[in-house]
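Q: Got a structure here, written out as structure tokens. Questions coming.
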């Protein structure tokens, strides 16, 4: 499968999950963090799905799939253990230009879901294109040790800094120099070992005027 990697904004979009097993649990676990309007259709549910339906604003129909379930849907997951049903959902999704992921058919899927590492605004994705998902998970486990929570904290700080730099510094080359210096991974490593020293380095990169505007006095 030749894919084009993107990150989808699902806020307010109708997403349909057809199936109630462990795979549906994993997909829904991610979906509840996106702000999507989720509907689940399945005669049976895992305990985890039951809990998510109670804890989040998820619409649930305790029955088998009907063609009309796809009306107005932006994205659908066909996750039943019935090949004919999944194939039917795939055909309907294709006819109605609905994004679809089919659990038991890479060929019928319009997209695959990568393994992810999320640290605040930092999102790393690992994919084998559906060839061997277990390898993606193993690579993710290795990378999780390398990219710790310090990246989330550091990016939160940089999120405050960037608009001030864009506003206060007119010279494009100077802005590029500052952004390149702030993106030095050694600075993030220093941040984990000696936060005060790292903040002093950030202040040095920014200059006194900008540093004062940002009140860089993290506790």
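Residue numbers (the numbering used here): 2 to 220. Ideal placement from N, C-alpha and C gives every residue a C-beta, glycine not left out.
I want to know whether the region 44-61 touches the region 93-110 - three or more CB-CB distances under 8 angstroms.
A: no
Q: Who are the Cβ neighbours of residue 136 in its own chain at under 8 angstroms, not counting the five residues just before and after it?
A: For residue 136, same chain residues with a beta-carbon under 8 angstroms away, outside a window of 5 residues either side, are 129 in chain order.
Q: Taking only three categories from DSSP, how would you classify residue 102?
A: Residue 102: strand per DSSP, three-state reduction.
Q: Identify whether residue 184 lies in helix, strand or coil by the three-state DSSP scheme.
A: coil
Q: Indicate the three-state DSSP secondary structure (helix, strand or coil) for residue 43 in the structure shown.
A: Residue state, collapsed to three classes: coil.
Q: Span of the alpha helix (DSSP H) holding residue 155?
A: 151-169
Q: Leaving out five residues on either side along the sequence, give the residues of the same chain with a beta carbon under 7 angstroms from the beta carbon of residue 93.
A: Sequence-distant partners of residue 93 (beyond 5 residues in either direction) whose C-beta falls short of 7 angstroms from its own C-beta, in its chain, are 68, 71.
Q: Determine, using beta-carbon pairs with one atom in the region 111-127 and one in the region 154-168, whether at least three such pairs fall under 8 angstroms.
A: Under the 8 angstroms Cβ criterion, the region 111-127 counts as touching the region 154-168, having at least three qualifying pairs.
Q: For residue 126, tell me which candidate among 143, 110, 29 has the shortest Cα-Cα distance.
A: Ranking the options by Cα distance to residue 126, first place goes to 143.
Q: Tell me whether residue 23 counts as near the ligand NAD, meaning its Cβ is closer than 7 angstroms to at least one heavy atom of that ligand.
A: The ligand NAD is absent from the structure shown, which contains no ligands of any kind.
Q: Do the region 169-181 and the region 146-153 touch if we need at least three Cβ pairs shorter than 8 angstroms?
A: no
Q: Using only alpha-carbon positions, find the residue among 181, 79, 160 that is nearest to residue 24.
A: 79
Q: Look up residue 116 in the DSSP assignment and say whether it is helix, strand or coil.
A: strand
Q: Enumerate, from N- to C-terminal direction, the unbroken alpha helix (DSSP H) stretches of 4 or more residues contained entirely within the region 44-99.
A: Here the runs fully enclosed are 48-56, 84-96.
Q: CB residue 42 to CB residue 66, shorter than 8 angstroms?
A: yes
Q: So for residue 126, helix, strand or coil by DSSP?
A: strand
Q: Helix, strand or coil: which one does DSSP assign to residue 19?
A: strand
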